[in-house]
Amino acid sequence: MPVLEQPSDALRQFCHGDLDAFEALFRQHQGEVYGWIVRIVRDPAAAEDLTVETFWRIYRARTRFDSTRSFGPWTRRIATNAALGHLKTARNETELPDDLASPPLPDPGISEELRRKTACAFQRLPPKLQVTATLALIEEQPYKEISESLGISLGAVKLRVFRALRLLRKELKKQGIEP
Amino acid sequence: MNEHEQERIEQLLKKSLPPVGTRVGAELRRDLWPAMLKRLEARPTAVPWFDWALLAAVAAWLVFSPGTIPVLLYHL
C-alpha cells in the first residue's frame, strides 16, 4: 500500500469537519484502504463493509488527527484495527473464506486436504498473530509497514510471526501433519 | 523450531493461502461513497429506557449504601 499523502489544506479542512474534504479523501483512498483490508480478512464483502467502517472511525476521530502528519499510517492503523476486530468476532461464526471469489489455483506440490488443514489451523491462531503472519508471510508486506499499522515495534512483529509459526506447527502436528 | 522447519511451514502456508494482492476481488469494484453517506446519516443508536432505569437504580443504591462499593468493584 503506497503511503497516502495529502495537501495539508485538505487535511485541515477535513479536521474541521468539512464534508467535501472528507468526500475527496474518501474517494481518493477507498481503493487503497480496501486493498489493505482485503489482504487481512480475505473476504471482499467484509472488506467493503470494513472500508466504510474505517472511514467512519476516521471521520469520528478527525479532531484528534494532526494535519501536519502523514495521513497514510494513521489510516492504515485504523483499517488494521477494524479488520482485527472483524476477525475476532467472525472467527467463531464463519469458516475462513477460501480465496476471494475465485477458486484456488491447484498447486501440484500440495494436496487439497493438506491445503484445507493448513488453512483451518491458520484460522485457529489468535487474531493478532494471524493478522501479523498474514501480512508478513502471505502478503509479504514490509515489516516496517506492518509495525506501523499494528502500532507495535519491529521486534514485536518478528516475535508475533515466530509465535504464529510455532503455534501453526503445533496445530499441524496435532492433525498428524509433519511440516 | 529450527530454521529449516520454519521455512517449510512458511512454504506450506504460502501454498495453502496464496496472496490476495494480485487476485480477482483484490481491487475495489464499486464506489463506496453512497454506503459511507448512509452511515454518516444514520442516527446514533438510542439507549433503551431500561438501561437508564438500571443505571439510576445502581446510582441510588450506591448513594444509600456506599459500603457496597468495594463489593461491586470486586465483582466487576
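For the record, the sequence lines run as chains P and V. Quick note: the numbering used here has the first sequence finishing at residue 1583, numbered continuously throughout. Quick note: the numbering used here has the second sequence finishing at residue 78, numbered continuously throughout. For each residue, glycine too, the CB sits at the ideal point set by N, CA and C. Bear in mind that the values here come from a model prediction, so they are computed numbers and not experimental data.
- For Ala48 of chain V, name the three-state secondary structure that DSSP assigns. coil
- Message: Beta carbons nearer than 9 Å to chain V: which residues of the stretch 1452-1472 of chain P have them?
- Response: Glu1452, Asp1453, Thr1455, Val1456, Glu1457, Phe1459, Trp1460, Tyr1463
- Proximity test, Cβ basis, 8 Å: Thr1493 of chain P and chain V: Not closer than 8 Å to any Cβ of chain V, the Cβ of Thr1493 of chain P fails to qualify, so no.
- Item | Tyr1547 of chain P: contacting residues in chain V (beta-carbon distance under 7 Å) | What Tyr1547 of chain P touches in chain V: nothing, since even the nearest Cβ is about 14 Å away.
- Task: Please determine if the stretch 5-12 of chain V and the stretch 1425-1441 of chain P are in contact, where contact requires at least 3 C-beta pairs separated by less than 8 Å.
- Result: no
- Message: Please report the straight-line C-alpha distance between Ala62 of chain V and Gly1559 of chain P, rounded to a whole angstrom.
- Response: 50 Å
- Item | Leu1541 of chain P and Val1565 of chain P closer than 8 Å at C-beta | yes
- From this set, P:His1433, P:Ser1474, P:Arg1473, P:Lys1577, which residue's C-alpha is nearest Thr1455 of chain P's C-alpha? P:His1433
- Item | Lys1530 of chain P to Leu1563 of chain P span [Cα, whole Å] | One point to set straight first is that residue 1530 of chain P is Pro, not Lys, in the sequence displayed. Going from the Cα of Pro1530 of chain P to the Cα of Leu1563 of chain P covers about 14 Å.
- Query: By the criterion of Cβ-Cβ separation under 8 Å, what are the contact partners of Phe1526 of chain P in chain V?
  - Reply: Leu15, Ser18, Leu19
- Message: What does the alpha-carbon distance come out to for the pair Ser67 of chain V and Leu57 of chain V?
- Response: Going by the C-alpha atoms only, they are around 15 Å apart.
- Query: Nearest to Leu19 of chain V by alpha carbon, out of P:Arg1468, P:Ala1414, P:Arg1519, P:Ser1412?
  - Reply: Closest option to Leu19 of chain V, judged by alpha-carbon separation, among P:Arg1468, P:Ala1414, P:Arg1519, P:Ser1412: P:Arg1519.
- Within 10 angstroms of its Cβ, does Pro1510 of chain P collect 16 or more other Cβ (buried), or is it exposed? Here the model assigns Pro1510 of chain P a pLDDT of 46, short of 50, so the residue's position is not dependable, and the following value carries that caveat. Pro1510 of chain P is exposed by the Cβ-count criterion.
- Cutoff 8 Å: Phe1475 of chain P Cβ touching any chain V Cβ: no
- Are the C-beta of Ala28 of chain V and some C-beta of chain P separated by less than 8 Å? The Cβ of Ala28 of chain V sits closer than 8 Å to at least one Cβ of chain P.
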